[in-house]
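Trainee:
Number of protein chains: 2
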Amino acid sequence: MTVATTSNEIAFSQRRHRAARQSISYLMQQGIENRDVISLAAGFVDEATLPVQLVRDSIGNILTDDPAGHHVLQYSTTAGDRDLRGLLLEHLAGLEQTDVSSLGVNVDDVVVTAGSQQILQHVADVLLDPGDICLVAGPTYFVFLSTLNAVGARTIAIETDEHGMRMDALEATLEQLEQSGELQRVKLIYLVSWFENPSGLTLSLDRRRQVIDIAESWSKHHRLLILEDTAYRELQYDGETLPSVWSCDDSRERVILAQTFSKSFSPGLRVGYGVLPSDIAAAIHDVKGNLDFGSANLNQQILASVLRSGAYAQHLDELRQAYRGKRDAMLAAADRYFGDIPGVSWHHPEGGLYVWMTLPESVASGFDSRLFDRAASTEGVMFVPGEICYPDDSDIRQLNQMRLSFGVETPETIDAGMQRLASATRWCLDDS
Amino acid sequence: MTVATTSNEIAFSQRRHRAARQSISYLMQQGIENRDVISLAAGFVDEATLPVQLVRDSIGNILTDDPAGHHVLQYSTTAGDRDLRGLLLEHLAGLEQTDVSSLGVNVDDVVVTAGSQQILQHVADVLLDPGDICLVAGPTYFVFLSTLNAVGARTIAIETDEHGMRMDALEATLEQLEQSGELQRVKLIYLVSWFENPSGLTLSLDRRRQVIDIAESWSKHHRLLILEDTAYRELQYDGETLPSVWSCDDSRERVILAQTFSKSFSPGLRVGYGVLPSDIAAAIHDVKGNLDFGSANLNQQILASVLRSGAYAQHLDELRQAYRGKRDAMLAAADRYFGDIPGVSWHHPEGGLYVWMTLPESVASGFDSRLFDRAASTEGVMFVPGEICYPDDSDIRQLNQMRLSFGVETPETIDAGMQRLASATRWCLDDS
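Residue numbers (the working numbering), protein chains in the order written: chain V, 48 to 479; chain Z, 48 to 479.
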């Protein structure tokens, strides 16, 4: 007998080992394979509202037979088309209710990416070594938790209340980390400042200002940065108009602003952008140069065209109407079907795509739970288990919450889905 | 006087420190900012040949007002549209002169990416830890050298001759690494198997088979993988039709095949794909799930449409005609203007976009060289310095080579560019 002289095992990188099977891919796959199930899980947008006509028209305008038209199918630059970056600053100025010259940044501080997701990955790449710490809201966007995991970062969830991440809890955590000698590993605070995925919470104006002060005063070893994810900013249905955290930072050095057109226009285009402190912009330029040399030019030109013509703004108005109706349908259905189940509560979001619901403590909602199985297999409805929206080791993690999306379904199927979900919940309660 | 209590320094990650300023971004920026300079540097494609009409027509067909049309603007899945993946396998089967059922893979082994560049980054991410070793041809594709650098890999260049990477040199290197106890750090062999960027070399059929045997026999600690970059495969103008290295591996476990439509169709769409051993596919699925949830659906559907209709194949025929003429123009100009300069030689590529030229040893060609400055500033012509196509510490690195691209210029401006470059070369020689 001889010892085998070759091995068929792959020696994967540490990064691959840390990038566990992704919840997002699992959920997207499930959503696509079970099209007959009512999906209150998918973060997909409403297909009926997608701007087919607008995109077709804008392509007709840009994809001409002349040199400019041909250029649309050429490479862009790593940072993205310069004219588009100018339009993005105008767009941002509009959101901040100011003009471009008052923004205090220029096109070199803007990077166009494949959705804002790519900015999140790039920020993690350029800032975080294994063992470095990122502070997030609990609960928060679960895909970014995966990203942090893959780069080996340690993630600490900070308690939230109805105004978003609690600033006193944030400071208390920073104090603890300083005492344990770990403050120098803290590099980033991640905030979804409007209608957070999954909680629907919006960070209050006071806290937007406070977090800048906190980031500054805790920059004892190095600059403590804030990554502000504004993916849902433009999907606002009621409530007050707020400035971004980014705009509260007069230095323009502490906040990385990430924005996407996936939710407000079309996820099939994969166009997002970041407005970045200039040293971060240079760093992201370098890592993105290795990845894709810049995002697809065709898609950038489509966006530029609809921003320039005003068609984007008009589309967004219609979109808000549609989503407002669906949000209202979900909240009404929550009242109707969950109103009389003791121990159930939910948040009324002023925008975004999600209602966050807390179940009685005895009803676990994870992928392996009886509720999830009953809902998916018997009732035919899917949701996102709340527990995946906390770091695994978080001491504030709850196991009895659900993210309910009103993105893809119609008001009618939202109502039906909520009814089914209530039925599955009652089944769990009766049976426990 | 008090000591400052806060720091404004950013504590960047190791990855960011290793991702030095990218040559590719520098070059692309230069190319865009100096549109009056004749660019024999850009790897951009010929804008006149870009399929404006085809893309417009295909968008008209797919972006309809019905649900299927709306779906085009929705998210895809992380691995890419399933129908497109089926079409890609048919496309690959055609290239390999076989049928899909004989390929020995299925759609789950295919991942659609933003150009093939993204596959290269993902492979580096899932396989290579800092200090791991990747073996490449010397010279090779300089952007991948940056990618390897950023993940902290050690890159060793293997000598090439007119048939591509020398297999005897590859084995000698593996033996040396075994003797020095470093074999277990060797994870990857990177090959650009057709018309390599920058050398224009094609790996011979014998070597395609040999490299599979070598990878197998040197899998002593773990599976030694081959990353085959076939970016230029379809831009063949003459010479024999070869099977891929991938197809020479009956196990389907050793080779990662990367392909792109950037060169053969449109770089502005950013669509490429990988055919992957199934364990690598799963790993890449996980890292891509964090990055972008899958590439832009619109762009995938455009590709699917032109592959299905046969318009892609027809376009490619026209493209080959156009590039063949430009390659011939560059080779004729090389004869005309460099033919009588002693010590200058160049390779006649059978495809791709590049002519690789070696200058007299006294004429250095780097970004900081007298030649580069003279060419860009006085003569108005740009090229890619050959030295960036070797790892910095390579003992086979040469400082007197140039990559000359016939991609973007016309036959007339190629001729003029070569004349200017010869003039700059003579100036360096006269002055030395």
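Beta carbons are placed, not taken as given, at the ideal position from N, Cα and C, and that holds for glycine.
1. So, is residue 307(Z) buried or exposed, given that buried needs 16 or more other C-beta atoms within 10 angstroms?
2. Would the beta-carbon of residue 221(Z) fall within 8 Å of that of residue 233(Z)?
3. Applying the criterion that 16 or more other CB atoms from any shown protein chain within 10 Å of the CB defines a buried residue, is residue 433(Z) buried or exposed?
4. Please name the residue in 393(V), 118(V), 107(V), 439(V) whose C-alpha comes closest to that of residue 246(V).
5. Taking Cβ-Cβ distances below 8 Å as the criterion, which residues of the stretch 91–122 of chain Z are in contact with chain V?
6. In chain order, which continuous runs of the alpha helix (DSSP H) of length 4 or greater are located wholly inside the stretch 183–265 of chain V?
7. By the three-class DSSP mapping on this structure, what secondary structure does residue 305(V) have?
8. Output needed for residue 462(V): all residues of its chain with C-beta closer than 7 Å, excluding positions within five of it in sequence on either side, in chain order.
9. Just to make sure I have the definition right: I need the residues of chain V whose C-beta is within less than 7 Å of the C-beta of residue 269(Z). Which are they?
10. Of all Cβ atoms in chain A, is any one closer than 8 Å to the Cβ of residue 161(V)?
11. Starting from the C-beta of residue 216(V), find all residues in its chain whose C-beta is less than 8 Å away, skip the five residues before and the five after it, and write them out in chain order.
12. Does the stretch 467–476 of chain V come close enough to the stretch 414–433 of chain V to have 3 or more Cβ pairs within less than 8 Å?
13. Which one of 202(Z), 103(Z), 155(Z) has the shortest CA to CA distance from residue 128(Z)?
14. Mind the definition here: the stretch 94–112 of chain Z touches the stretch 122–141 of chain V only if three or more C-beta pairs lie below 8 Å; say whether that holds.
15. For residue 434(V), does the three-state DSSP call read helix, strand or coil?
16. When you compare the CB of residue 61(Z) with every CB in chain V, is at least one pair closer than 8 Å?
17. Taking Cβ to Cβ, would you say residue 53(Z) is nearer than 8 Å to residue 267(V)?
18. What is the rounded straight-line gap between the Cα of residue 278(V) and the Cα of residue 230(V)?
19. Residue 64(V): buried (16+ other C-beta within 10 angstroms of its C-beta) or exposed?
20. Heavy atom of the ligand ZN less than 7 Å from the Cβ of residue 274(V), yes or no?
21. Between residue 213(V) and chain Z, is there a C-beta pair that is closer than 8 Å?
22. So residue 168(Z) contacts chain V; which residues on that side make the cut at Cβ distance below 7 Å?
23. Mind reading off the beta-carbon distance from residue 454(V) to residue 92(V)? Whole number of angstroms is fine, and I expect it under 8 Å.
24. Could you give the distance in angstroms between the alpha-carbon of residue 186(Z) and the alpha-carbon of residue 262(V)?
25. Under the assumption that residue 125(Z) contacts residue 341(Z) (Cβ atoms under 8 Å), give the Cβ distance between them as a whole number of angstroms.
26. Check residue 283(Z) in the structure and name its three-state DSSP category.
27. Of all the CB atoms in chain V, is at least one closer than 8 Å to the CB of residue 373(Z)?
28. How do the stretch 437–450 of chain V and the stretch 82–89 of chain Z stand: do at least 3 beta-carbon pairs fall below 8 Å, yes or no?
29. Taking only beta-carbon positions, decide if residue 352(Z) is within less than 8 Å of chain V.
30. Taking any Cβ of chain V, which residues in the stretch 192–208 of chain Z have a Cβ under 7 Å from it, in chain order?
31. Counting Cβ pairs closer than 8 Å, one from the stretch 321–340 of chain V and one from the stretch 282–302 of chain V, do we hit at least three?
32. Using a cut-off of 7 Å between C-beta atoms, extract the partners of residue 382(V) located in chain Z.
33. Exposed or buried, what is residue 317(Z) when buried is set at 16 or more other beta-carbons lying within 10 Å of its beta-carbon?
34. What are the complete beta strand (DSSP E) segments, minimum 3 residues, inside the stretch 343–415 of chain Z?
35. Counting C-beta neighbours from all protein chains within 10 Å, is the total for residue 227(Z) 16 or more, i.e. buried, or is it exposed?
36. Could you say which of 289(Z), 167(Z), 371(Z), 123(Z) lies nearest to residue 96(Z) if we only look at CA atoms?
Mentor: Inspection of the coordinates gives the following:
1. It is buried - the Cβ of residue 307(Z) has at least 16 other Cβ atoms within 10 Å.
2. Closer than 8 Å, so yes.
3. When all chains shown are included, residue 433(Z) counts as buried.
4. Nearest C-alpha to residue 246(V) among 393(V), 118(V), 107(V), 439(V): 393(V).
5. Cβ contacts with chain V: 91, 92, 94, 95, 97, 98, 99, 100, 102, 103, 106, 107, 110, 111, 112, 114, 116, 117, 118, 119, 120, 121, 122.
6. The stretch 183–265 of chain V contains these whole alpha helix (DSSP H) runs: 189–197, 214–226, 252–264.
7. It is a strand residue.
8. Same-chain partners within the cutoff: 376, 380.
9. Under a criterion of Cβ atoms nearer than 7 Å, the residues of chain V adjacent to residue 269(Z) are, in order, 54, 56, 57, 58.
10. No chain A is part of this structure, whose protein chains are labelled V and Z.
11. Cβ within range, chain order: 205, 206.
12. Enough Cβ pairs lie closer than 8 Å, so yes.
13. Of all alpha-carbon atoms in 202(Z), 103(Z), 155(Z), the one lying nearest the alpha-carbon of residue 128(Z) is that of 155(Z).
14. The stretch 94–112 of chain Z, when compared against the stretch 122–141 of chain V, does not touch it at the 8 Å Cβ threshold.
15. Residue state, collapsed to three classes: helix.
16. Yes - at least one Cβ of chain V is within 8 Å of the one on residue 61(Z).
17. Their beta carbons are under 8 Å apart, which means residue 53(Z) touches residue 267(V) by this criterion.
18. One Cα belongs to residue 278(V), the other to residue 230(V), and the distance between them is close to 29 Å.
19. Burial call: exposed.
20. Summarising the ligand content, the structure contains no ligands, and the ligand ZN is consequently not present.
21. It does not: the Cβ of residue 213(V) has no partner Cβ on chain Z nearer than 8 Å.
22. Under the 7 Å cutoff, chain V gives 337, 338.
23. Cβ-Cβ separation between residue 454(V) and residue 92(V): approximately 5 Å, consistent with a contact (criterion under 8 Å).
24. Approximately 46 Å between the Cα atoms of the pair.
25. Residue 125(Z) to residue 341(Z), Cβ: 5 Å. Contact.
26. Strand, per DSSP.
27. Closer than 8 Å: no.
28. No: fewer than three Cβ pairs fall under 8 Å.
29. Proximity of residue 352(Z) to chain V, defined by a Cβ-Cβ separation below 8 Å, is not satisfied.
30. Residues of the stretch 192–208 of chain Z whose Cβ lies closer than 7 Å to any Cβ of chain V, in chain order: 193, 194, 197.
31. Cβ pair count under 8 Å is three or more, so yes.
32. Chain Z residues near residue 382(V): none, gap ~30 Å exceeds 7 Å.
33. Residue 317(Z) counts as buried, since no fewer than 16 other beta carbons sit within 10 angstroms of its beta carbon.
34. Listed in chain order, the complete beta strand (DSSP E) runs (minimum 3 residues) inside the stretch 343–415 of chain Z are 401–405.
35. In the assembly as shown, residue 227(Z) is an exposed residue. Its beta-carbon has fewer than 16 other beta-carbons within 10 Å.
36. If we check each option's Cα against that of residue 96(Z), 371(Z) comes out closest.
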